[in-house]
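One rule links them: number in our numbering = place in the sequence shown (from 1) + 144.
Shown next, in C-alpha cells, is the structure this report addresses.
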Amino acid sequence: MERTLILIKPDGVARGLVGQILARIEAKGYRIDALSLRTATADELSAHYAEHEGKPFYQPLVDFMSEGPIVSIIASGQGVIPGFRSLAGATDPTAAAPGTIRGDLGRDWGEKVQKNLVHGSDSVESAEREIGIWFPA
Ligand code: CMP
Numbered sequence: 145m146e147r148t149l150i151l152i153k154p155d156g157v158a159r160g161l162v163g164q165i166l167a168r169i170e171a172k173g174y175r176i177d178a179l180s181l182r183t184a185t186a187d188e189l190s191a192h193y194a195e196h197e198g199k200p201f202y203q204p205l206v207d208f209m210s211e212g213p214i215v216s217i218i219a220s221g222q223g224v225i226p227g228f229r230s231l232a233g234a235t236d237p238t239a240a241a242p243g244t245i246r247g248d249l250g251r252d253w254g255e256k257v258q259k260n261l262v263h264g265s266d267s268v269e270s271a272e273r274e275i276g277i278w279f280p281a
C-alpha cells in the first residue's frame, strides 16, 4: 500500500490544530500507521530539507521548524501521496484553496518562511527517504 510522510509543523501544534488535521487525514480514508510528537533535531531537519540548502528561505525554515514540537506521521492508502498534498493545498496559505488544510486553517504571517502547518512527501522516493529520517526503526 502507498505510504507518505506527513509533518504537522510547529505552527500547527502551537495553534492546537493537531486534532483537526488528523481528523481530516482520517476522514479522507487514509490510515495512520505511526505517529510521534517531539522537537526535531538539527540532523533530522538538515536531512529532511537537504534539497533546499542554499535557498534564501532555508535557514528561516530550519529555525521555524526547531521552534517547538512537531508531529511526524506515516499515513497509508491508495494514492495517499498526491491525495494528502491536495488535502494540504498550495504552499502559500493565502493562495491555498478553501477546503484544504492550508486554505482553511493557514494564513500569511508576513514572515520569511511559509508557516503552512503541514508537510507531505511529493513522490514515492521522497516518502521512503523521509520515512527513513523520521522513523529510522
Ligand atoms: P514544505 O512542504 O515543508 O517544504 C519546504 C518548505 O519551505 C515549504 O513547505 C514551506 O514551508 C517553505 N517554503 C517553500 N517555498 C518558500 C518560499 N518561496 N518562501 C518561504 N518559504 C518557503
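Quick reminder that beta carbons are idealized off the backbone N, C-alpha and C, glycines included.
DSSP three-state label for residue i, please.
i       : result
Arg-273 : helix
Gly-212 : coil
Asp-266 : coil
Val-257 : coil
Pro-204 : helix
Ala-281 : coil
Is residue i buried or exposed, if buried means 16 or more other CB atoms sit within 10 Å of its CB?
i       : result
Thr-183 : exposed
Leu-181 : exposed
Glu-195 : exposed
Pro-280 : exposed
Arg-168 : buried
Arg-159 : exposed
Thr-148 : buried
Pro-242 : exposed
Ala-239 : exposed
Pro-154 : buried
Glu-269 : exposed
Met-145 : exposed
Mind checking which residues open and close the beta strand (DSSP E) that includes residue i?
i       : result
Asp-236 : Careful: Asp-236 lies outside any beta strand (DSSP E) and carries neither H nor E.
Leu-149 : 147 to 152
Looking only at DSSP bridge pairs, what is residue i linked to?
i       : result
Ala-178 : Ile-218
Sort the options by Cα distance to residue i and report the nearest one.
i       : options                            : result
Lys-93  : Tyr-193, Glu-146, Ile-152          : Nothing can be reported for residue 93: it is not among the residues displayed for the chain, which extend from 145 to 281.
Ile-277 : Leu-189, Gly-227, Gly-212          : Leu-189
Glu-170 : Glu-211, Tyr-202, Ile-217          : Ile-217
Gly-254 : Pro-242, Asp-266, Asp-236          : Asp-236
Ala-178 : Gly-227, Leu-231, Ala-219, Gly-247 : Ala-219
Arg-175 : Pro-200, Phe-228, Tyr-193          : Phe-228
Pro-200 : Gln-222, Val-257, Ser-270          : Val-257
Val-262 : Leu-249, Glu-272, Glu-269          : Leu-249
For residue i, report the span of its alpha helix (DSSP H) as first-last.
i       : result
Gln-164 : 162 to 171
Ala-191 : 186 to 192
Arg-246 : 245 to 249
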